[in-house]
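J.:
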Amino acid sequence: MSVDKVFATPADAVADIPDGSSLAVGGFGLAGIPWFLIGALLEQGARDLTVVSNNCGVDGAGLGLLLEQGRISRVVASYVGENKEFARQYLAGELTVELTPQGTLAERLRAGGAGIGAFFTPTGVGTLVSEGGLPWRYAPDGSVAVASEPKEVRTIQGREMVLEEAIVTDVALVRAAVADRAGNCVFHAAARNFNPVAAMAGRLTIVEAERVVEVGALDPDAVHLPGVFVQRVVPLTPEQAERKSIEKRTTRPRPVPSPEA
1 MSVDKVFATP ADAVADIPDG SSLAVGGFGL AGIPWFLIGA LLEQGARDLT
51 VVSNNCGVDG AGLGLLLEQG RISRVVASYV GENKEFARQY LAGELTVELT
101 PQGTLAERLR AGGAGIGAFF TPTGVGTLVS EGGLPWRYAP DGSVAVASEP
151 KEVRTIQGRE MVLEEAIVTD VALVRAAVAD RAGNCVFHAA ARNFNPVAAM
201 AGRLTIVEAE RVVEVGALDP DAVHLPGVFV QRVVPLTPEQ AERKSIEKRT
251 TRPRPVPSPE A
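Numbering of the sequence shown is given in the UniProt record's numbering, commencing with residue 1 and proceeding in unit increments.
Dropping the structure here:
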């Protein structure tokens with residue numbers, strides 16, 4: 001008999017996340033983010049959160065909602081992105097931000113899930129990433145209150161590389177296109193982004209799925225994330241599954257056909 005990991009609602013799935021938790025959150029901008037788990041956590045009230053994510057949503061959406069309510073105290077991300085409130089809190093000294101190269105961030109999450117404590121990479125050698133001094137937190141007067149420490153650098157196979165530590169979080173929140181009741185997941189196209197590695201990094205991983213199927217319905221070769229990494233699955237309603245936004249829509253006018261065409 002397989003293990004059934006399905007929870008009825010997002011609120012049920014996040015109800016026991018305490019203050020001070022660290023969260024790995026999937027998505028890139030607004031693509032593939034766990035909209036309803038984030039919303040449920042907003043309603044649940046957990047505070048003093050450390051968030052590990054590619055970015056921190058946008059103003060008024062995604063993780064940006066938790067940020068606006070002062071519920072996040074530290075962010076590990078690859079960029080600030082389009083979120084003006086994120087930038088304001090960081091520069092005002094209200095938020096600790098550990099900026100990490102994007103590929104390095106993905107590998108730190110994957111390594112955490114794989115049980116690897118640290119790894120060496122050439123990315124960041126010769127910069128503040130390896131030499132230290134990146135401003136993690138500013139003081140109210142604009143000076144640097146907390147800066148990154150220097151990291152170990154070794155020459156490996158004739159190339160200098162910097163030591164990066166893996167990331168393991170208390171909880172992971174991710175969005176899948178399809179999941180079975182045992183937690184095996186399939187992601188769709190660009191929504192795959194940071195979701196699999198974020199899921200791997202969480203001690204407790206919660207998946208909101210656009211569609212939940214019975215165990216055995218998924219072709220094993222099609223599974224992107226094995227259920228061993230997932231503890232809770234939340235099925236979305238068809239209306240919830242339709243919620244997919246983008247940060248910016250940029251278009252150009254269609255060319256007008258010439259009369260001779």
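The beta-carbon is built from N, C-alpha and C at its ideal position, and this holds for glycine as well. As the structure is a computational prediction, the values presented were derived from the model and not from experiment.
Run through DSSP, which three-state label would MET1 get?
T.: Residue placement at MET1 is flagged as unreliable, the pLDDT there being 45, under the threshold of 50; the coordinate-derived value follows with that caveat. In this structure, MET1 counts as coil in the three-state DSSP scheme.
J.: Got a sec? Which residues, its chain only, sit under 8 Å from ALA139 by beta carbon, not counting five neighbours each side?
T.: The residues are GLY93 and ALA145.
J.: Taking DSSP's pairing of strands, which residues face CYS185 in a bridge?
T.: Beta-bridge pairing links CYS185 to ALA179 and LEU225.
J.: Kindly indicate the opening and closing residues of the alpha helix (DSSP H) around LEU42.
T.: Where LEU42 is concerned, the enclosing alpha helix (DSSP H) stretches over 35 to 44.
J.: May I have the straight-line CA-CA distance separating GLY81 from PRO259, to the nearest angstrom?
T.: Using only the alpha carbons, I get a separation of about 44 Å.
J.: How big is the Cα-Cα spacing for ASN195 and ALA177?
T.: The alpha-carbon atoms of ASN195 and ALA177 are separated by roughly 11 Å.
J.: Does THR104 come out as helix, strand or coil in the three-state DSSP assignment?
T.: Helix, per DSSP.
J.: Note down the Cα distance separating GLY183 from VAL213, rounded to an integer number of angstroms.
T.: For GLY183 and VAL213, the distance between alpha carbons rounds to 10 Å.
J.: Please classify ALA31: is it buried, with 16 or more other beta-carbons within 10 angstroms of its beta-carbon, or exposed?
T.: Per the 10 Å Cβ criterion, buried.
J.: At which residues does the alpha helix (DSSP H) containing ARG88 begin and terminate?
T.: Residues 84 to 91.
J.: Helix, strand or coil: how does DSSP classify GLY26 here?
T.: GLY26: coil per DSSP, three-state reduction.
J.: Determine, for LEU95, whether the minimum Cβ-Cβ distance to residues of chain B falls below 7 Å.
T.: As a matter of chain content, chain B is missing from the structure shown, which is built from one protein chain.
J.: Hey, ALA201 and ALA8: beta-carbon distance below 7 Å or not?
T.: No; because the gap between Cβ atoms is not below 7 Å, this pair is not in contact.
J.: Suppose you measure from the CA of PHE120 to the CA of ALA114; what does that come to, to the nearest Å?
T.: Cα to Cα, PHE120 sits roughly 15 Å from ALA114.
J.: Per DSSP, what kind of secondary structure is SER130 in: helix, strand or coil?
T.: In the structure shown, SER130 sits in a helix (DSSP, three-state: H, G or I).
J.: Taking VAL223 and VAL186 to be in contact with their CB atoms under 8 Å, please state how far apart those CB atoms are, rounded to whole angstroms.
T.: Right, their Cβ atoms sit about 6 Å apart.
J.: What residue from ARG159, GLY45, ALA199 and THR123 has the CA that sits closest to VAL230's CA?
T.: With distances taken between Cα atoms, VAL230 lies closest to ALA199.
J.: Over what stretch of residues does the beta strand (DSSP E) that includes GLY202 continue unbroken?
T.: Run containing GLY202: 202 to 213, per the beta strand (DSSP E) assignment.
J.: I'd like the span of the beta strand (DSSP E) that includes ALA147, first residue to last.
T.: Run containing ALA147: 144 to 147, per the beta strand (DSSP E) assignment.
J.: Return helix, strand or coil for ALA13, following the three-state DSSP convention.
T.: Helix.
J.: Starting from PRO238, trace the alpha helix (DSSP H) in both directions and tell me its first and last residue.
T.: Where PRO238 is concerned, the enclosing alpha helix (DSSP H) stretches over 238 to 241.
J.: Relative to the C-alpha of LEU99, which candidate in LYS84, GLU208, PRO135 and GLU247 has its C-alpha closest?
T.: Checking every option, the nearest Cα to that of LEU99 belongs to PRO135.
J.: Is the separation between the beta-carbon of ALA179 and that of ALA209 shorter than 7 Å?
T.: In this structure, ALA209 lies closer than 7 Å to ALA179 by Cβ.
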